[in-house]
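Below: one structure, written as structure tokens.
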Amino acid sequence: MYIISFIPKSFRSPLSSSFFSSSELQCSLHSMGILFSSTYARKAPPSSPTLADLPESCVASIIGYMDPPQICKLAMLNRTFRAASSADFVWESKLPPNYHVLIAEIFDQSVQNNHSKRAIYASLCRLNSLDEGNKKVWLDRSTGKLCMCISSKGLSITGVDDRRYWNRIPTEESRFHAVAYLQQTWWFEVIGEVDFPFPAGTYSLFFRIHLGRAGKRFGRRVCNTEHVHGWDKKPVRFQLWTSDGQYGSSQCFLKEPAKWSFYHAGNFTVVNGNVSTKIKFSMTQIDCTHTKGGLCLDSVLIYPSEFRKVKAFLNHSLAS
Numbered sequence: 001m002y003i004i005s006f007i008p009k010s011f012r013s014p015l016s017s018s019f020f021s022s023s024e025l026q027c028s029l030h031s032m033g034i035l036f037s038s039t040y041a042r043k044a045p046p047s048s049p050t051l052a053d054l055p056e057s058c059v060a061s062i063i064g065y066m067d068p069p070q071i072c073k074l075a076m077l078n079r080t081f082r083a084a085s086s087a088d089f090v091w092e093s094k095l096p097p098n099y100h101v102l103i104a105e106i107f108d109q110s111v112q113n114n115h116s117k118r119a120i121y122a123s124l125c126r127l128n129s130l131d132e133g134n135k136k137v138w139l140d141r142s143t144g145k146l147c148m149c150i151s152s153k154g155l156s157i158t159g160v161d162d163r164r165y166w167n168r169i170p171t172e173e174s175r176f177h178a179v180a181y182l183q184q185t186w187w188f189e190v191i192g193e194v195d196f197p198f199p200a201g202t203y204s205l206f207f208r209i210h211l212g213r214a215g216k217r218f219g220r221r222v223c224n225t226e227h228v229h230g231w232d233k234k235p236v237r238f239q240l241w242t243s244d245g246q247y248g249s250s251q252c253f254l255k256e257p258a259k260w261s262f263y264h265a266g267n268f269t270v271v272n273g274n275v276s277t278k279i280k281f282s283m284t285q286i287d288c289t290h291t292k293g294g295l296c297l298d299s300v301l302i303y304p305s306e307f308r309k310v311k312a313f314l315n316h317s318l319a320s
């Protein structure tokens, strides 16, 4: 009974109105270890209880309130914590509610039947390829939220097969190892579609763009902006549509050459994650009174909208 007395009271009853935060919980566990070592080590025989003597089910119930990275760190404390950190009910609470649908979409059925929930979570956190490698889907390791990235090869680009206007160039600055480079055109139009069972939530769609052609010289990054022109004449328009009638739009001039920028097209909300949501999106500048060029198109990213508050690279988005 004296072991249980060290468990925070807010965890003893599911009816408690307040719970410890992850940081407070870690401090509590740390304090428990100190208390056992400093008090019982002096006053009790060598066989006195330690942190390792906590029931596995009790430990699992506590760490279930933590984020996945914190759970993995605590798993290194001892055997009890390691075993508790593998409990299915701990990791099922971290998986998206529609994870069965995601598994069927991304993997074969054997993954769901033969793997623990922790293994399923780890598999979904990897960069999983779809559409012959033109799409990457993964869960954010810290939050369990789904993210998607679509390469320039997975987009419909007007004139992309005409070498006078467009080229595919290899680069280490893309997770797809290549980008579409525009030398010059009068009519700029990029269209894409995705049909996928996104978990319920609100998502933001971004285009990842770079003005100028980046490369390396003597091991240092350099950028050729010789062909960058026309993007300050008229704004570029970004749009998205969903199969259930949602619409988003923004427009802006493309600025800041020699660096990657994320341009926000709009947001969409998914209510039912058990069915696919079809999204169509575009990036256009079709004013034919002037040419434009010197642009690298890497990919389109779909992230949970809440990430704009915590992901610094998305905060740099220049479009409203």
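Using full-length UniProt numbering, the first residue of the sequence shown is number 1, and each one after it goes up by one.
All C-beta atoms in this analysis are idealised placements derived from N, C-alpha and C, irrespective of residue type, glycine included.
Does residue i pass the burial test, meaning 16 or more other C-beta atoms within 10 Å, or should it be called exposed?
| i | result |
| --- | --- |
| residue 127 | exposed |
| residue 195 | exposed |
| residue 249 | exposed |
| residue 94 | buried |
| residue 118 | buried |
| residue 236 | buried |
| residue 238 | buried |
| residue 170 | exposed |
| residue 214 | buried |
| residue 282 | buried |
| residue 310 | exposed |
| residue 190 | buried |
| residue 277 | buried |
| residue 57 | exposed |
| residue 151 | buried |
| residue 87 | buried |
| residue 76 | exposed |
| residue 244 | exposed |
Please name the residue, chosen from the options, that lies closest to residue i on a Cα-to-Cα basis.
| i | options | result |
| --- | --- | --- |
| residue 273 | 84, 266 and 99 | 99 |
| residue 226 | 65, 138, 294 and 154 | 294 |
| residue 146 | 292, 97 and 246 | 97 |
| residue 91 | 244, 75 and 121 | 121 |
| residue 149 | 228, 224, 222 and 208 | 208 |
| residue 201 | 270, 123, 104 and 56 | 270 |
| residue 155 | 108, 131 and 105 | 131 |
| residue 172 | 216, 284 and 234 | 216 |
| residue 253 | 246, 245, 247 and 284 | 284 |
| residue 255 | 245, 70, 177 and 296 | 296 |
| residue 251 | 259, 232 and 260 | 232 |
Among residues of its own chain, excluding the 5 on either side of residue i, which ones have a beta-carbon nearer than 8 angstroms to its beta-carbon?
| i | result |
| --- | --- |
| residue 288 | 186 and 187 |
| residue 220 | none |
| residue 144 | 68, 94, 95, 96 and 121 |
| residue 177 | 170 and 171 |
| residue 116 | 86, 88 and 91 |
Sorted by chain position, which residues of the same chain lie with C-beta nearer than 7 angstroms to residue i's C-beta, five sequence neighbours on each side aside?
| i | result |
| --- | --- |
| residue 204 | 264, 267, 303, 305 and 308 |
| residue 165 | 159, 182, 183, 184 and 185 |
| residue 125 | 138, 139 and 141 |
| residue 230 | 290, 291, 292 and 293 |
| residue 234 | 285 and 287 |
| residue 83 | 56 |
Starting from residue i and walking both ways along the beta strand (DSSP E), at which residues does that stretch end?
| i | result |
| --- | --- |
| residue 188 | 188 to 196 |
| residue 303 | 295 to 304 |
| residue 184 | Segment: none, residue 184 is in no beta strand (DSSP E) and carries neither H nor E. |
| residue 292 | Residue 292 -> no beta strand (DSSP E), and no H or E assigned at all. |
| residue 362 | Any answer about residue 362 is impossible in this case: the structure gives the chain only from 1 up to 320. |
| residue 239 | 236 to 242 |
| residue 205 | 201 to 211 |
| residue 251 | 247 to 252 |
| residue 170 | 166 to 170 |
| residue 135 | 135 to 139 |
| residue 146 | 146 to 151 |
Near residue i, what residues of its chain come up, given a Cβ to Cβ distance below 6 angstroms and the 5 sequence neighbours on each side ignored?
| i | result |
| --- | --- |
| residue 153 | 134 |
| residue 257 | 211, 212, 225 and 228 |
| residue 25 | A caution first: residue 25 carries a pLDDT of 49, below 50, which makes its placement in the model unreliable, though a value can still be read off. Correct list: empty, nothing qualifies. |
| residue 71 | 63 and 85 |
| residue 163 | none |
Between residue i and residue j, how many whole angstroms is the CB-CB distance? I'm expecting something under 8 angstroms.
| i | j | result |
| --- | --- | --- |
| residue 192 | residue 300 | 6 angstroms |
| residue 240 | residue 279 | 6 angstroms |
| residue 59 | residue 81 | 6 angstroms |
| residue 62 | residue 85 | Not confirmed; about 11 angstroms, so no contact. |
| residue 222 | residue 298 | About 18 angstroms; that fails the 8 angstroms criterion. |
| residue 275 | residue 199 | Not really, about 12 angstroms apart at Cβ, beyond 8 angstroms. |
| residue 136 | residue 175 | 7 angstroms |
| residue 262 | residue 218 | Contact doesn't hold; Cβ gap of about 29 angstroms is too wide. |
| residue 123 | residue 107 | 7 angstroms |
If you follow the alpha helix (DSSP H) that residue i is in, where does it begin and where does it stop?
| i | result |
| --- | --- |
| residue 83 | 79 to 84 |
| residue 100 | 99 to 106 |
| residue 118 | 117 to 125 |
| residue 57 | 56 to 63 |
| residue 90 | 88 to 92 |
| residue 233 | From DSSP, residue 233 is part of no alpha helix (DSSP H); its letter is neither H nor E. |
| residue 74 | 68 to 74 |
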